[in-house]
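Contents: one structure, followed by commentary.
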Amino acid sequence: MNSFFVSKDDIRNGIILIKGNELLHLNKVLRLKVGDKIICLSGDNFEYISEIISISRTQAEARILDIKENLRNPKTCIDVFLGLPKGEKLNLITQKLTELGVNKLILFESDFTIAKTNPGKLNRLELISQEACKQCGRSKPLQIENIVRFKDIGKHIENYEMVIFAYEKASEENTISNLIAKIKKCNKIALIIGAEGGFSEKEDELLKKLNTVQVFLGNRILRVETACIALSGFLSLITDN
Numbered sequence: 296m297n298s299f300f301v302s303k304d305d306i307r308n309g310i311i312l313i314k315g316n317e318l319l320h321l322n323k324v325l326r327l328k329v330g331d332k333i334i335c336l337s338g339d340n341f342e343y344i345s346e347i348i349s350i351s352r353t354q355a356e357a358r359i360l361d362i363k364e365n366l367r368n369p370k371t372c373i374d375v376f377l378g379l380p381k382g383e384k385l386n387l388i389t390q391k392l393t394e395l396g397v398n399k400l401i402l403f404e405s406d407f408t409i410a411k412t413n414p415g416k417l418n419r420l421e422l423i424s425q426e427a428c429k430q431c432g433r434s435k436p437l438q439i440e441n442i443v444r445f446k447d448i449g450k451h452i453e454n455y456e457m458v459i460f461a462y463e464k465a466s467e468e469n470t471i472s473n474l475i476a477k478i479k480k481c482n483k484i485a486l487i488i489g490a491e492g493g494f495s496e497k498e499d500e501l502l503k504k505l506n507t508v509q510v511f512l513g514n515r516i517l518r519v520e521t522a523c524i525a526l527s528g529f530l531s532l533i534t535d536n
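Under this note's numbering, the first residue of the sequence shown carries the number 296, and numbering increases by one thereafter.
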């Protein structure tokens, strides 16, 4: 069955309203008809198995037949703090982090970031995550947030059981594989990855003082999107996420 994201406000008395781009996809692209079964998602932990009962120019209506818990949503909280990368890299990163079971993507601007955030870009990322949810089967999209000042990151990471800092100058003994036993015991993990230019010396010092766990990624220099996807995938695998 095809999946469609809807607003929670559009679920009332057993009826779901499908509007906007999702209506266009349902009606013009997929050409679904009254009587067809669909899955509606509202960003919570459930899937609403529904039957289309009407289609108009402004909305479609679907009657809820069954509500099932979604078993593909992340069980371990893995949040990624990422220096804002250049170009369209964020599109790929958002798609893959959604597929890999990451809970939240928090963007920040640091001394060496060049790109800037804007509301339009963040809205686009939310749509990309929703599309990735439909493909991979989870019902809760990746949460996307923005941190403007890197110097305040300490207050954002203080409640995590482990904060992993991908650091090119870390000791070669500090490999991610050496952390497997500790990671498996954690329910809430943060991963910090810099943008293309990495971190300044003062930012490195700040992260060291914040009790982060430095991780050495090997002798090859990875692109920001490669490091982000690879580390997130590793964490998801060893946490059964």
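Using N, Cα and C, we set each Cβ at its ideal position, and we do this for glycine too.
Collapsing the DSSP output to three states places Phe407 in coil. For Lys314, the CB contacts under 6 Å within the same chain, skipping 5 residues up- and downstream, are Gln354 in chain order. When DSSP states are grouped into helix, strand and coil, Ser472 belongs to the helix group. Put simply, of Leu392, Lys303, Ser337 and Lys435 the residue whose alpha carbon is nearest the alpha carbon of Arg367 is Lys435. Scanning the segment 475-530 from its first residue to its last, the whole alpha helix (DSSP H) runs of 4-plus residues come out as 475-479 and 496-504.
Segment contact: the segment 515-535 against the segment 407-424, fewer than three CB-CB distances shorter than 8 Å; contact not assigned. Runs of beta strand (DSSP E) with 3 or more residues, each lying fully within the segment 422-467, are found at 438-442 and 457-461, listed in chain order. In terms of Cα proximity to Asn316, the closest of Lys328, Ile348, Ile306 and Ser302 is Ser302. The beta carbon of Lys381 sits closer than 7 Å to those of Ile409, Ala410 and Glu491, all from its chain and outside the five residues before and after it, given in chain order. In the DSSP annotation of this structure, the continuous segment of the alpha helix (DSSP H) that includes Lys391 starts and ends at Lys384 to Leu395.
Here the C-alpha atom of Phe445 lies approximately 44 Å from the C-alpha atom of Lys323. Exclusion of the five residues before and after Tyr462 leaves Gln509 as the residues of its chain whose Cβ lies within less than 6 Å of its Cβ.
Secondary structure of Arg419 (DSSP, three-state): helix. Sequence-distant Cβ neighbours of Lys363 in its own chain, meaning closer than 6 Å and more than five residues away, are Glu342. Note on Val329: under 16 other CB atoms within 10 angstroms of its CB, so exposed under the neighbour-count rule. When the five nearest sequence neighbours on each side are left out, the beta carbons in the same chain lying within less than 6 Å of the beta carbon of Ile459 are those of Leu486, Val508 and Val510, in order along the chain.
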